[in-house]
Amino acid sequence: MKLKEIQFNDQSAERIYRDYLYRIRKEVKGLNQQNQDEILMELNSHIYENLQEHPTGNEVEKLLNILEKLGRPEEILKPLVADKKLEEATKSFNPLHIFRALMLNLTNGISYIIFFILYLFLFGFVFLIGAKIWDPTEVGFFYKPGEVFVLGLSKGLVHPSDELLGNWFIPAMVVSAIALYFIITLLLKLKRTINK
Amino acid sequence: MKKYIVILCILLYIYIMNEDFINKWISQVKKGTLSFIVLNVLKSGKAYYGYDLINEIKKITEIEIAEGTLYPLMNRLKDEKLIISEWVEQESGIPRKYYSITPEGKNTVTKMEEYWHNLNNSILKITK
């Protein structure tokens with residue numbers, strides 16, 4: 072189903088309507104096409120049904136009243152877009168979708184903040200791969216029982232011979248990132264199942 | 012004179028803060044009970060589209076709801092499988108999205124009602 076726009080006789084009403092649709096589209100553009108269409112069509116239907124109830128009168132005034140009662144798209148769509156994005160993200164394993172969904176849900180509770188921190192760790196592993204290529208001697212996993220435990224840049228504080236992984240550092244970081252990524256995604260799925 | 016102005020300002024401040032607190036509280040109560048209200052309207056089994064549902068709520072309860080907050084709520088209720096939705100084509104070419112309650116939704120609203128009655132009794136006792 073595609074959106075059928077409402078026809079107005081008054082040009083100003085038409086312009087206000089189009090501006091409102093534009094603001095909705097802007098808010099939902101991060102979602103998949105089906106979800107975008109659903110939200111747009113439902114709000115369009117709300118405006119249309121409301122207009123039908125009062126067939127006479129000034130179109131601009133009527134439309135402005137309707138839109139004012141409905142609220143600003145930037146405000147009303149925030150929780151809806153955040154929920155839908157999370158739905159989309161947990162259906163796929165696409166890291167970008169999950170990251171965006173987490174950003175949108177950050178204000179929805181402490182657990183999402185924890186997920187976000189876990190995600191930062193994940194990006195940390197990815198970053199270390201680049202850092203190792205950039206500076207092979209200073210970056211690594213330095214470990215000496217009771218003395219040294221550094222994952223990252225040693226900054227000359229430890230002896231390069233304490234580095235344990237050597238050429239295995241990059242593969243180890245890749246494996247860690249992938250493992251953490253699957254754990255986060257599964258935990259997110261689990262959290263959504265428990266919530267239900 | 013200065014003293015009186017200061018006292019007046021303080022009283023005015025307290026009054027405004029108080030009003031603000033009550034308004035916030037009302038909006039929280041409304042937000043918290045909206046899902047209960049929606050499920051109660053839907054429990055008869057009749058399907059409603061968004062705008063229709065808003066009108067029905069206004070008619071029965073005289074509660075003015077922020078219309079835009081209804082749609083995110085409907086999505087959540089659908090996510091929880093308490094309601095289902097269906098697009099129905101209209102002659103106008105602008106379809107309506109009809110919502111109806113599921114058996115799980117009916118069970119949930121019954122449990123919510125029980126809780127509400129208990130809460131109401133407690134509140135009545137405490138406000139005596």
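Chains as they are written, first to last, in the working numbering: chain A, 72 to 267; chain B, 12 to 139. For glycine and all other residues, C-beta sits at the position ideal for the given N, C-alpha and C.
- Item | Alpha carbon of Ile110/A to alpha carbon of Val99/A, nearest angstrom | Taking the straight line joining both Cα atoms gives about 8 Å.
- Task: Please check the pair Asp81/A and Asp90/B, which I expect to be a contact at CB under 8 Å, by giving their CB distance rounded to whole angstroms.
- Result: Not confirmed; about 39 Å, so no contact.
- Lys203/A versus Asn103/A - alpha carbon distance: Cα to Cα, Lys203/A sits roughly 37 Å from Asn103/A.
- Show which residues of chain A have a CB atom less than 8 Å away from the CB atom of Tyr60/B. Per Cβ cutoff of 8 Å: Ser116, Glu120.
- Rounded straight-line distance, which links the Cα of Ile169/A to that of Thr44/B: If you draw a straight line from the Cα of Thr44/B to the Cα of Ile169/A, it comes to about 31 Å.
- Message: Using a Cβ distance threshold of 8 Å, determine whether the stretch 36-51 of chain B contacts the stretch 61-80 of chain B, with at least three qualifying pairs required.
- Response: Judged by Cβ distances under 8 Å, the stretch 36-51 of chain B makes contact with the stretch 61-80 of chain B, as three or more pairs qualify.
- Does the separation of the CB atoms of Arg143/A and Lys156/A fall below 8 Å? In this structure, Lys156/A does not lie closer than 8 Å to Arg143/A by Cβ.
- Message: Give me the subset of the stretch 150-163 of chain A whose CB atoms are less than 8 Å from a CB atom of chain B, sorted by chain position.
- Response: Of all residues in the stretch 150-163 of chain A, the ones placed with a Cβ closer than 8 Å to any Cβ belonging to chain B are Pro150, Leu151, Asp154, Lys155, Glu158, in chain order.
- Message: Please state the DSSP three-state secondary structure of Leu251/A.
- Response: Of the three classes helix, strand and coil, the one that applies to Leu251/A here is helix, per DSSP.
- Item | Interface flag, Tyr109/B vs chain A, CB-CB below 8 Å | Closer than 8 Å: no.
- Check whether the Cβ of Leu177/A sits closer than 7 Å to any heavy atom of the ligand SAM, and report yes or no. With respect to the ligand SAM, the structure offers nothing, as it holds no ligand at all.
- Do the stretch 93-105 of chain B and the stretch 112-129 of chain A meet, that is, are 3 or more Cβ pairs less than 8 Å apart? In short, these stretches touch, since the Cβ pair count reaches three.
- Within chain B, partners of Glu113/A - CB distance below 8 Å: Correct list: Gly61, Tyr82, Lys108.
- Query: Which chain A residues sit within Cβ distance under 9 Å of Gly104/B?
  - Reply: Ordered by position in chain A, the residues that pass the 9 Å Cβ test against Gly104/B are Lys75.
- Message: Between the alpha carbons of Gln123/A and Leu74/A, how many angstroms are there, rounded?
- Response: Roughly 18 Å separates the two Cα atoms.
- Query: Does the beta-carbon of Met244/A have 16 or more other beta-carbons within 10 angstroms, so that it is buried, or is it exposed?
  - Reply: Counting other Cβ atoms within 10 Å of its Cβ, Met244/A reaches 16 or more and is therefore classed as buried.
- Measure the CB-CB distance between Leu236/A and Gly211/A and report whether it falls below 8 Å. Closer than 8 Å, so yes.
- Message: Please tell me whether Asp31/B has its Cβ less than 8 Å away from any Cβ of chain A.
- Response: No, Asp31/B does not count as interfacial toward chain A.
- Query: By a C-beta neighbour count over all protein chains shown, 10 Å radius and 16 as the cutoff for buried, is Met72/A buried or exposed?
  - Reply: Answer is exposed; the Cβ neighbour count stays below 16.
- Can you tell which of Val197/A, Val131/A, Ile185/A, Thr127/A has the C-alpha that lies nearest to the C-alpha of Asp90/A? When Val197/A, Val131/A, Ile185/A, Thr127/A are compared, the shortest CA-CA separation from Asp90/A is found for Val131/A.
- Query: If you run the structure through DSSP and keep just helix, strand and coil, what is Arg107/B?
  - Reply: Reduced to three states, the DSSP call for Arg107/B is strand.
- Item | Span separating the alpha-carbon of Leu222/A from that of Pro231/A | For Leu222/A and Pro231/A, the gap between their C-alpha atoms comes out near 13 Å.
- Query: Along chain A, in chain order, which residues have C-beta atoms closer than 7 Å to that of Glu115/B?
  - Reply: The premise fails here: Glu115/B is roughly 11 Å from chain A at the closest Cβ pair, so nothing lies under 7 Å.
- Query: How many angstroms separate the CA atom of Leu251/A from the CA atom of Lys226/A?
  - Reply: Distance between the alpha carbons of Leu251/A and Lys226/A: 26 Å.
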